[in-house]
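So the sequence shown is residues 1 to 311, counted in the working numbering. Working notes for the structure below.
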Amino acid sequence: MKFGVAVTTSVTPAVTELDQKDYVERVSSVAESNGFDSIWVSDRTVYPADLSNRYPDQFGPGKNDPNTQNVLEALTTLAYVGGATRSIKLGTSVLVLPFRNPILNTKMISTLDVLSGGRLILGIGSGWMQEEFDAMGSNYNLRGQITDEHLDFFLNSCSNQVFSGSSQDANRIKMRLFPQALQKPHPPIWIGGNSRASLLRTARFGDGWHAIRLTPKELKDQKIELGKLCHRTERDISEIVVSLRATVSIGQPLYDKSGERMPLTGSLDLVQSDLNNYQESGLDYLVVSMAGSSVNKVIESVNLFSSEFLD
Numbered sequence: 001m002k003f004g005v006a007v008t009t010s011v012t013p014a015v016t017e018l019d020q021k022d023y024v025e026r027v028s029s030v031a032e033s034n035g036f037d038s039i040w041v042s043d044r045t046v047y048p049a050d051l052s053n054r055y056p057d058q059f060g061p062g063k064n065d066p067n068t069q070n071v072l073e074a075l076t077t078l079a080y081v082g083g084a085t086r087s088i089k090l091g092t093s094v095l096v097l098p099f100r101n102p103i104l105n106t107k108m109i110s111t112l113d114v115l116s117g118g119r120l121i122l123g124i125g126s127g128w129m130q131e132e133f134d135a136m137g138s139n140y141n142l143r144g145q146i147t148d149e150h151l152d153f154f155l156n157s158c159s160n161q162v163f164s165g166s167s168q169d170a171n172r173i174k175m176r177l178f179p180q181a182l183q184k185p186h187p188p189i190w191i192g193g194n195s196r197a198s199l200l201r202t203a204r205f206g207d208g209w210h211a212i213r214l215t216p217k218e219l220k221d222q223k224i225e226l227g228k229l230c231h232r233t234e235r236d237i238s239e240i241v242v243s244l245r246a247t248v249s250i251g252q253p254l255y256d257k258s259g260e261r262m263p264l265t266g267s268l269d270l271v272q273s274d275l276n277n278y279q280e281s282g283l284d285y286l287v288v289s290m291a292g293s294s295v296n297k298v299i300e301s302v303n304l305f306s307s308e309f310l311d
């Protein structure tokens, strides 16, 4: 199993604007020096002012703390991390494609892959928060269709051929886009989400499936379903990287709404047992968000995780 680290500060509310640069630099540097495979960022634009009241199943009351909403822009942050590191991969967990014009999406993604020396893992999603779509001027009800159109557009752009934009936003103008992504035929595309639509999109487009907060049993069941969908599209599921984004809290167990301990939280022995269970369930790649009360606490957790669990 391979491991990545997220540098999204929503799980570390103590990291304010004054600490963001230090947080990103230090976590990225420690992750690379300790042998993690990748650094990951989230994509968030705006939040409703009463977030937890609107989405009680998504966010607890603590998410109304403004500092938990203090998420840096994804591609800008990865460009900064790419310049501050040498070899660690750079991932989006996940880039919400409908929020941006497909031409600009493609230009930014390809530029990042070129300037980083071919280190990008493109995790993408269709989004879920309607208020965010309204603020960004995108059609919430058509988000799945728009996501697929953007993926088609990006893949066509990587062919280095003249093509007509398949997205309505691109107005079907014949074009060739530069730069071309450095990785061929394109950067690996990981489809984010736990829904059936995400699994279908993975079977059609994905080099990887990027789930979030699933238990080992849920992951195993979803992977079985993904295998069935891959069979229908004549794909081999063994070619698809099965990945998960999850919060890690070493020494401090966290609990869900039902009172059950969340996987990967608690003692070192419990975390090790959870990792074993995930691997047995078919997990190939784990992206960890380290919970912590400060930048130093997150660094301590990254160091401890790597010393205990990375080969």
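Even glycine gets a Cβ: it sits at the ideal position worked out from N, Cα and C.
Give the straight-line distance between the Cα atoms of residue i and residue j, rounded to the nearest whole angstrom.
i, j, result
"residue 19", "residue 295", "8 Å"
"residue 194", "residue 248", "19 Å"
"residue 101", "residue 108", "11 Å"
"residue 36", "residue 293", "22 Å"
"residue 243", "residue 94", "12 Å"
"residue 180", "residue 158", "6 Å"
"residue 51", "residue 69", "10 Å"
"residue 261", "residue 278", "15 Å"
"residue 152", "residue 236", "21 Å"
"residue 175", "residue 56", "45 Å"
"residue 290", "residue 301", "7 Å"
"residue 137", "residue 130", "11 Å"
"residue 251", "residue 106", "42 Å"
"residue 76", "residue 92", "11 Å"
"residue 154", "residue 205", "11 Å"
Could you name the residues that DSSP lists as bridge partners for residue i?
i, result
"residue 39", "5 and 90"
"residue 249", "265"
"residue 133", "DSSP, once it has assigned bridges, lists no residue as partnering residue 133."
"residue 96", "125"
Pull up the CB-CB distance for residue i and residue j, whole angstroms please, since I reckon it's below 8 Å.
i, j, result
"residue 89", "residue 121", "6 Å"
"residue 299", "residue 71", "So it is not a contact: roughly 19 Å between Cβ atoms."
"residue 399", "residue 177", "Nothing can be reported for residue 399, as the shown portion of the chain is limited to 1 through 311."
"residue 23", "residue 7", "7 Å"
"residue 241", "residue 266", "Not confirmed; about 27 Å, so no contact."
"residue 318", "residue 216", "This structure does not reach residue 318, given that the chain is present from 1 up to 311, and the question cannot be answered."
"residue 46", "residue 74", "Their Cβ separation, rounded to whole angstroms, is 14 Å, which puts residue 46 and residue 74 out of contact at 8 Å."
"residue 34", "residue 310", "7 Å"
"residue 116", "residue 82", "4 Å"
"residue 127", "residue 99", "7 Å"
Minimum length 3: unbroken beta strand (DSSP E) runs contained in the segment 169-210: 189-192
Start-end ranges of the alpha helix (DSSP H) lying completely within the segment 257-307, minimum 4 residues: Unbroken alpha helix (DSSP H) runs of no fewer than 4 residues, entirely contained in the segment 257-307, are found at 268-280, following chain order.
Inter-stretch contact at 8 Å, needing at least 3 Cβ pairs: the segment 175-191 / the segment 254-266: no
The segment 197-213 touching the segment 226-241, judged by at least three CB pairs closer than 8 Å: The answer is yes - the segment 226-241 touches the segment 197-213, with three or more Cβ pairs under 8 Å.
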